[in-house]
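See structure below.
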Amino acid sequence: MWLNTTTSLFLLTGFPGMEKAHHWISIPLLGVYISVLLGNGTLLFLIRDDHNLHEPMYYFLAMLAATDLGVTLTTMPTVLGVLWLNHREIGHQACFSQAYFIHTLSIVESGVLLAMAYDRFIAIRNPLRYTSILTNTKVMKIGMGVLTRAGLSIMPIIIRLHWFPYCRSHVLSHAFCLHQDVIKLACADITFNRLYPVVVVFAMVLLDFLIIFFSYFLILKTVMGIASGEERAKALNTCISHICCILVFYVTVVGLTFIHRFGKHAPRVVHITMSYIYFLFPPFMNPVIYSIKTKQIQSGIIRLFSLPNSRA
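Next up, the structure:
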């Protein structure tokens, strides 16, 4: 029987062995955080403010931007607290809440990318019925479904964290709370908490990817049936931004999984850095991709930043 020496605090970890450089490390991280906030915030503002962007495609893009903002705002306070102030302590309740939002938003991002694939599928397969199929109500229901699926799927393992005694070291491996880190400190049977996330990943994230892949197979089949080469190029061009976002998200997922599974002998800093890449690279890249590849977003940004000049 375990001796329960549970305390109400966990200790977060920055970059072990590099504590003297934490202030320097925080500079590029802060730059990325600010870029993520500005980029995704700008997308949300443009989509809300520009009536030309009040279409299903951009509503789903707004969901993606909001998800990326959520991930950033969830991790940023503790990361910068550790790197700037060496504030490593975090209460159990705050830690479990942070873990819940981090993992939920990861599932939400996968679901939103799937919803965006469905949007492109309808736009290319049934262009004349696009707006009648993807009504505002339908888009809202899809968004609520994505959010509900993610929230309910993560809840069982987070609820169980409240029941466990924590009598081992209270030092976590990152500057934010992850479920897989917390359960390593529990002095209890964690079999369910080890197996359930694997089921969730396979049942949702992997399934989402397979459905996205199949939808693009059907899209490509439809596009190849278009007689005009110019029309084919135009149809495929509407998908490029989404395909880039899919690659960014799933490549980082595969990279993080690969490091955790097969990089056990890699330096600890590699694992930590890969975690930061996983949480920051997609939110950083998504606004960049859509700003470069989508003319409507480009036009909105130009209007936004040229407005003060026109007033002057």
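Per full-length UniProt numbering, the sequence shown starts with residue 1, numbered consecutively.
Using N, Cα and C, we set each Cβ at its ideal position, and we do this for glycine too.
Keep in mind the model is a prediction, meaning the values are calculated, not measured.
| message | With DSSP as the reference, identify every bridge partner of I90, one or two as the case may be. | response | F10
| message | Which same chain residues end up closer than 7 Å to L178 when comparing Cβ atoms and leaving out the 5 residues on each side of it in sequence? | response | Result list for L178: A99, I102, in chain order.
| said: Give me, in chain order, the residues of the same chain whose beta-carbon lies closer than 8 Å to that of A21; leave out the 5 immediate sequence neighbours on both sides. | reply: F15
| message | Suppose you measure from the CA of Y33 to the CA of G225; what does that come to, to the nearest Å? | response | 44 Å
| Is it the case that the Cβ atoms of A66 and L80 are separated by a distance below 8 Å? | no
| request: Thinking L83 and I25 are a contact (beta carbons under 8 Å), I'd like their distance in whole angstroms, please. | output: 6 Å
| message | Applying the 10 Å Cβ sphere with the 16-neighbour rule, what's the burial state of G229? | response | exposed
| query | Roughly how many angstroms separate the alpha carbons of G17 and T75, rounded to a whole number? | reply | Spanning the two alpha carbons is a distance of roughly 22 Å.
| task | Could you check which residue in S173, K293, R120 has the C-alpha nearest to that of A235? | result | R120
| query | Alpha carbon to alpha carbon, how far is S241 from V248? | reply | 11 Å
| field | Residues sharing a beta bridge with V171, DSSP | value | In the DSSP output, where bridge partners are listed per residue, V171 has L11.
| Spatial distance of V108 from L64 (CA atoms) | 9 Å
| task | Starting from the Cα of F281, find the closest Cα among V269, G300, I246 and give me that residue. | result | I246
| task | Taking 8 Å as the threshold, find out whether the stretch 156 to 172 comes into contact with the stretch 181 to 194 through three or more Cβ pairs. | result | yes
| query | Contact between the stretch 286 to 305 and the stretch 46 to 59: three or more CB pairs below 8 Å? | reply | yes
| Using CA coordinates, which residue listed in V200, P197, P165, V201 is at the minimum distance from D189? | For D189, the closest of V200, P197, P165, V201 by C-alpha to C-alpha distance is P165.
| said: For F60, which residues in the same chain have their Cβ closer than 6 Å to its Cβ, ignoring the five residues on either side in sequence? | reply: A115, M116, D119
| field | Spatially closest choice to V269 from E19, L11, L128, R48, by CA coordinates | value | E19
| task | Report yes if the CB atom of V71 is closer than 8 Å to the CB atom of L113, and no otherwise. | result | no
| Contacts around V256, its chain only, beta-carbon distance under 6 Å, and the 5 residues preceding and following it disregarded | Going by the sequence as given, residue 256 is Leu instead of Val. Hits under 6 Å: M274, Y278.
| task | Excluding the 5 residues preceding and the 5 following P287 in the sequence, name in chain order all residues of the same chain whose CB lies nearer than 6 Å to its CB. | result | G39, N40, L43
| query | Near I142, what residues of its chain come up, given a Cβ to Cβ distance below 6 Å and the 5 sequence neighbours on each side ignored? | reply | Hits under 6 Å: A115.
| field | Cα-Cα separation, N126 to Y216 | value | 14 Å
| field | Distance, F284 Cα to L69 Cα | value | 10 Å
| message | Let me make sure I understand the geometry here. Which of Y250, V201, R194 has the alpha-carbon closest to that of F213? | response | Y250
| task | Quick one: measure Cβ to Cβ for I124 and T222, integer angstroms, because I've assumed they're closer than 8 Å. | result | 6 Å
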